[in-house]
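Q: First residue of the sequence shown? That's 0 in numbering that gives the first Met the number 0, and the numbers climb one at a time after it.
Here a beta-carbon is modelled for each residue, glycine too, at the ideal position from N, C-alpha and C.
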Amino acid sequence: MRAMTPTGTLEELRAWIIGGTEHEMRFAVQGAARYSIGTLIELLEELQFDYDEACDKFLRGWLETLSPLERLAAAVRTRHFYQLGLCAIPQAADRALLQVLDSVEPAVEELAENFESTHRRASDPDPSFTKRYTSRLLAYAGQLRSVAADIGNDAPLLRHISAEVARLERANPEGSGQPEKYRVADALDAEPKVPFKKRVD
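(1) Measure the beta-carbon distance from ALA49 to ILE88 and round it to whole angstroms, keeping in mind my assumption that it falls under 8 Å.
(2) Whole angstroms is fine: what's the gap from SER35's alpha carbon to LEU42's?
(3) Which residues bound the alpha helix (DSSP H) around ARG144?
(4) Look at the alpha carbon of GLU108 and the alpha carbon of GLN98, and state the distance between them as a whole number of angstroms.
(5) Can you give me the C-alpha to C-alpha distance between ARG135 and GLY19, rounded to a whole angstrom?
(6) Indicate whether VAL75 and ILE150 have their beta-carbon atoms separated by less than 8 Å.
(7) Output the distance between the C-alpha atoms of THR64 and THR8, rounded to the nearest integer angstrom.
(8) Helix, strand or coil for TYR34, going by three-state DSSP, please let me know.
(9) For a test of the three-state rule: what should DSSP assign to ALA121, helix, strand or coil?
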């Protein structure tokens, strides 16, 4: 058997994803650190229709290894897989959106910290701007954090909705004439005790 190393070529990465074992997937995720987001998306484009479960497993593991801004970018750029080759994954659309929602707050925090750092350095001799300009960035940092917190707080709500829809669909596989998601939305509107409740359209 060919020895596996965590810094494999793209061909090895492809083989590990296809293999799909826990051991192979761990090496695939580690080996992915060598490649750009674009390169890995191209690889997944090739594999998604024939190896959907393996691609999903790899995607989830890979996203966890990325820096906050890279993770958000990758989560956004890979959403379409869950509408195409990975659409048969249970709750595929929910999973794709959750991967984005879970990535927002850490990424925005990194951006906000960058703005604050820029403000602190505004008195240095190199920048053309002063703190009179970067005070804007401080305000933006606060606004970004507020919006990101709201988005982050919506992730538990979506998890609840997704789990409830899945439960109802399992209980009534033939359907009730109306998508179960509307029953869940109606129930949320009627239940004021749900702690993470938001308006559900």
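A: The relevant details are as follows:
(1) Working through the sequence shown from its first residue, we reach residue 49 at position 50. Working through the sequence shown from its first residue, we reach residue 88 at position 89. Ala is not the amino acid found at residue 49; the sequence shown has Asp there. At roughly 14 Å, the Cβ-Cβ gap does not stay under 8 Å, so ASP49 and ILE88 are not in contact.
(2) Sequence index remark: in the sequence shown, residue 35 carries index 36 (1-based). Sequence index remark: in the sequence shown, residue 42 carries index 43 (1-based). Each residue's Cα considered, the two are about 11 Å apart.
(3) By one-based count along the sequence shown, residue 144 stands at place 145. Note, ARG144: alpha helix (DSSP H), 130-170.
(4) Your numbering for residue 108 matches position 109 in the sequence shown. Your numbering for residue 98 matches position 99 in the sequence shown. So the two alpha carbons sit approximately 17 Å from each other.
(5) Sequence index remark: in the sequence shown, residue 135 carries index 136 (1-based). Sequence index remark: in the sequence shown, residue 19 carries index 20 (1-based). In a straight line, the C-alpha of ARG135 is about 49 Å away from that of GLY19.
(6) One-based indexing of the sequence shown puts residue 75 at position 76. One-based indexing of the sequence shown puts residue 150 at position 151. No; because the gap between Cβ atoms is not below 8 Å, this pair is not in contact.
(7) Here residue 64 refers to the residue found at position 65 when the sequence shown is read from its first residue. Here residue 8 refers to the residue found at position 9 when the sequence shown is read from its first residue. In a straight line, the C-alpha of THR64 is about 18 Å away from that of THR8.
(8) Your numbering for residue 34 matches position 35 in the sequence shown. DSSP places TYR34 in coil when its eight states are reduced to three.
(9) Counting from 1 along the sequence shown, the entry for residue 121 is found at position 122. Looking at ALA121 - three-state DSSP - the assignment turns out to be coil, as it is neither helix nor strand.
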